[in-house]
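**Student:**
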Amino acid sequence: MSAIDSTPSNNGQARESWSKSWTHLKVDRRSRGYCRVTFDHPPINTITATTVAELAEVVGLIEQDPELNVVVFDSANPDFYLAHYDTEHDPARTAALGVGPTGMHAWLDLLVRLARAPVVSIASIRGRARGAGSEFILACDLRFASRESTLLGQFEVAAGVVPGGGPMARLARLVGRGRALEILLVADDLDGPRAEQYGYVNRAIADDRLDDEVHETASRLARFDHEALARTKPYVDQVTLPADSELPPALADFFELSGRPALQARFARLEELGLNADSDLERALGRRVVDALPDG
Amino acid sequence: MSAIDSTPSNNGQARESWSKSWTHLKVDRRSRGYCRVTFDHPPINTITATTVAELAEVVGLIEQDPELNVVVFDSANPDFYLAHYDTEHDPARTAALGVGPTGMHAWLDLLVRLARAPVVSIASIRGRARGAGSEFILACDLRFASRESTLLGQFEVAAGVVPGGGPMARLARLVGRGRALEILLVADDLDGPRAEQYGYVNRAIADDRLDDEVHETASRLARFDHEALARTKPYVDQVTLPADSELPPALADFFELSGRPALQARFARLEELGLNADSDLERALGRRVVDALPDG
Amino acid sequence: MSAIDSTPSNNGQARESWSKSWTHLKVDRRSRGYCRVTFDHPPINTITATTVAELAEVVGLIEQDPELNVVVFDSANPDFYLAHYDTEHDPARTAALGVGPTGMHAWLDLLVRLARAPVVSIASIRGRARGAGSEFILACDLRFASRESTLLGQFEVAAGVVPGGGPMARLARLVGRGRALEILLVADDLDGPRAEQYGYVNRAIADDRLDDEVHETASRLARFDHEALARTKPYVDQVTLPADSELPPALADFFELSGRPALQARFARLEELGLNADSDLERALGRRVVDALPDG
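Residue numbers (this note's numbering), protein chains in the order written: chain A, 134 to 429; chain B, 134 to 429; chain C, 134 to 429.
(1) What do you reckon, are the CB atoms on residue 252 (chain A) and residue 204 (chain A) nearer than 8 Å?
(2) Is residue 339 (chain B) buried or exposed, if buried means 16 or more other CB atoms sit within 10 Å of its CB?
(3) Please classify residue 396 (chain A): does DSSP put it in a helix, a strand, or coil?
(4) By the 10 Å Cβ neighbour count, where 16 or more other Cβ atoms means buried, how is residue 425 (chain B) classified, buried or exposed?
(5) Indicate the three-state DSSP secondary structure (helix, strand or coil) for residue 281 (chain C) in the structure shown.
(6) In terms of DSSP beta bridges, what is residue 153 (chain A) paired with?
(7) Determine the closest residue to residue 236 (chain A) out of A:377, A:421, A:403, A:405, with distance taken between C-alpha atoms.
(8) Count Cβ pairs between the segment 311–320 of chain A and the segment 331–349 of chain A that sit closer than 8 Å; are there 3 or more?
(9) Assuming residue 166 (chain C) and residue 356 (chain C) form a contact by the criterion Cβ under 8 Å, report the distance between their Cβ atoms to the nearest whole angstrom.
(10) Per DSSP, which one or two residues make a beta bridge with residue 168 (chain C)?
(11) Is the distance from the Cβ of residue 261 (chain C) to the Cβ of residue 212 (chain C) below 8 Å?
(12) Against chain A, does residue 353 (chain C) count as a neighbour if the rule is that its beta carbon must be under 8 Å from one of theirs?
(13) Strictly under 8 Å for the Cβ-Cβ distance: is residue 310 (chain A) near chain B by that measure?
(14) Decide if the segment 392–401 of chain B is in contact with the segment 158–165 of chain B; the criterion is three or more beta carbon pairs, one per stretch, under 8 Å apart.
(15) Would you list, in sequence order, the uninterrupted alpha helix (DSSP H) runs of no fewer than 4 residues that lie entirely inside the segment 357–403 of chain B?
(16) For residue 207 (chain A) versus residue 163 (chain A), is the C-beta distance shorter than 8 Å?
(17) What's the C-alpha gap between residue 263 (chain C) and residue 172 (chain C)?
(18) Check for me: the beta strand (DSSP E) holding residue 262 (chain A) runs from which residue to which?
(19) Can you say whether residue 392 (chain C) is buried or exposed, counting buried as having 16 or more other CB atoms within 10 angstroms of its CB?
(20) When the cut-off is 8 Å and only beta carbons count, does residue 237 (chain C) lie next to chain A?
(21) In terms of alpha-carbon separation, which member of A:180, A:196, A:191 lies closest to residue 153 (chain A)?
(22) Please tell me whether residue 311 (chain C) and residue 215 (chain A) are closer than 8 Å, where the distance is taken between their beta carbons.
(23) Under 8 Å between C-beta atoms, does residue 153 (chain B) make it to chain A?
(24) Cβ closer than 7 Å: which chain B residues qualify as neighbours of residue 315 (chain A)?
(25) Suppose the cutoff is 7 Å on Cβ atoms and the five residues either side in sequence are ignored; what does the same chain contact list for residue 411 (chain B) look like?
(26) I need the DSSP call for residue 218 (chain C), collapsed to helix, strand or coil.
(27) DSSP on residue 288 (chain B), reduced to helix/strand/coil?
(28) Taking 8 Å as the cut-off, does the segment 382–391 of chain B touch the segment 292–303 of chain B (at least 3 CB pairs, one atom from each stretch)?
(29) Please check if any C-beta of chain A sits within less than 8 Å of the C-beta of residue 295 (chain C).
(30) Taking 8 Å as the cut-off, decide whether the C-beta atoms of residue 219 (chain C) and residue 183 (chain C) are in contact.
(31) Mark residue 222 (chain C) as exposed unless 16 or more other C-beta atoms lie within 10 angstroms of its C-beta, in which case mark it buried.
(32) Nearest by alpha-carbon distance to residue 195 (chain A): which of A:345, A:273, A:285, A:210 is it?
(33) Under 8 Å, do residue 267 (chain C) and residue 300 (chain C) count as touching if we go by C-beta distance?
(34) I want to see whether chain B comes within less than 8 Å of residue 125 (chain A), judged by CB atoms only; does it?
(35) Between residue 365 (chain C) and chain B, is the shortest Cβ-Cβ distance under 8 Å, so that the two count as touching?
(36) Exposed or buried, what is residue 228 (chain C) when buried is set at 16 or more other beta-carbons lying within 10 Å of its beta-carbon?
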């Protein structure tokens, strides 16, 4: 970070940018060192092209904010943290996202940059996070989950596609081969205690303690010497982050398999059953995604 | 997979091969997507040259079966899943196994090919799995163990040899350095809850629920789109599987150390104490293998 | 190991060297295969230049002792295993330690050599181990911790420096990215059950069972065939140990950040609050290290 970046005037500019009007997010730049981003996209916090564009903007602000130590990502909806991706029947909007500064697709790009950013990113998870929602929390540095109200999963293989946003690369390193293969191939939901046991999250925390504990941790981190934190994290990154080149092939597989007519019919069937709505299907998606499969 | 491989006629051939008569196995090709292999080699399911040859044949069938999604390996003996290797006092039979398609010794070859096969292999574990038995489950994709009736271990170092079938390479990646060194060097048995805690198995499941839960998981997997599953698994493989070149040196060490006269005397002593029989020694082998050591 | 190394006369020499007079250690060379080293540096077992020099000597003896199978490291102080590093207001004493046989700084050198030594090193942990104390246990092969009386942590980032003795490289591989980042960046203490859950230690053991269980494990290991043990461990090393080149840069960062005037003032403030003494601050250092930070 150059001396110019840390002049007060530049810092003033950086803070101003956080206060724009956001569509799917609420952003609270609480203090010099601490920012909170709250997902708020009713009814179930699906991730759309708009969400991706806004998250990419957030990551850019994080990278340019020389005093920021910690960003907490939580949800305004206690039942859904981030449901999963929704193309809104208009793949062109997703395609229009283009590539980011790393040269990768906007979604991969923002996840990779978030993981390398010189701050501590914390996913404070209450409710469901599946598919791209799970991919997002896996790109955060720390994951704390409501013990009673969490469901995590990568349901893609059960639907007939390859997960595209890096969970093979990240889960394989985080929870080991056996549990990563179970999460990805059995493709069912994990609740909070199971997610903690498997190491999918750092810890499950009693729901009525989650917000306070995450806030205490973030408040502590906000006071730290930025330089010590920013110089320590890359040593962990170099051991634990996938190479960039690992990620794009699976996303290409995702697009290829999604484009098959049988898959488009299957997703249409899932939508009839309640996909993308606050439905019984969405509440139990990991278990019920197979309802759209042939009898086998 | 070529178009020819997935023609019905070829598929018909593949299914027929499963139904041959097996010596140490029972094979139930339950449905298009699901196969169950049951170890049945009284009295304690030792692994011999015959078992290795049959397992190699099973792996070949798995590789050629374009619609198979899941293979469950369980045991007909509730006390012994796979005891360990037994040369039957005739090392020539083991030597005669030769090398497999990977160029490695038949045992390493079949484990490596099973781990890379485009299906989900599940070890449904009840009873004891030690030495080569543990090496087999470590090469499976998922491991579910009876909470009450499981004992796992690599007893080799306590007997005076290097484990030869890859457990250093696999455990080091699965459970981390500290726990891998404990399992391999202290070389004692782990029960179901400890195996779950260490990540040696995915989960310990109450004994009276184990069969049902594994069957439900396998039935779910059997319905999945084979292509999605077969394209997702290699992304985990590339992060979590050892390079082939890692494996043969430890097997060479195993053969070298086993060949020392003191070791042959030690194994003779263990056999007097009950090795390879349904004995008190075999039931507590991890603890009691040291009974054959000098007093130290 | 050469034939000469294992002649009885050379072995006699090796044993004699263990029995010198030690300043911060008690050394009990219990049997041919088993040695116990007890940290005893009142009041709180800080690590100083003297401790490092003596530990380097111990590692040299371990390397030259052809019959040794296991070394247990425990503490004479039930409240402090190894508090952390203390320069004793004289950085020149630390600088004078120079480099070891690996070409690295004496502290990194002894940790790297201990991890590669052909014995099983066991940290039997009761009390606090933070900073360099945590770095020491992370370089041991096995870690067993008192369930009731353990506090582990890397408090450095909370104090404003980069941890210098390898914990990023070791924790990242041991507990995975999320939990490693939490331990290193949140920089708070973990108690025994949490350390076990995260995999920071192999297991937490009831305090009144810890000594007996570790002794039983060490006595078992002492009887093993040295060759089998010494040939098995390197296969785990090659998968789980960091490359030597990973370690020095973080130590350079530690020295650079420690040298900043603001940091020297901060450590002076911590010393006023009780650092390096048997104080309330030391007993809760992970939580209270932030007392020396600006309000933020």
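All C-beta atoms, glycine included, are put in the ideal place defined by N, C-alpha and C.
**Tutor:** Based on what the coordinates show:
(1) yes
(2) exposed
(3) helix
(4) buried
(5) strand
(6) Its beta-bridge partners do not exist; DSSP assigns none.
(7) A:377
(8) yes
(9) 7 Å
(10) C:204
(11) yes
(12) no
(13) yes
(14) no
(15) 359–373, 381–391
(16) no
(17) 14 Å
(18) 253–263
(19) exposed
(20) no
(21) A:191
(22) no
(23) no
(24) 275, 335
(25) 176, 177
(26) strand
(27) coil
(28) yes
(29) yes
(30) no
(31) exposed
(32) A:273
(33) yes
(34) For chain A, the structure presents residues 134 to 429; residue 125 (chain A) sits outside this window and is missing.
(35) yes
(36) exposed
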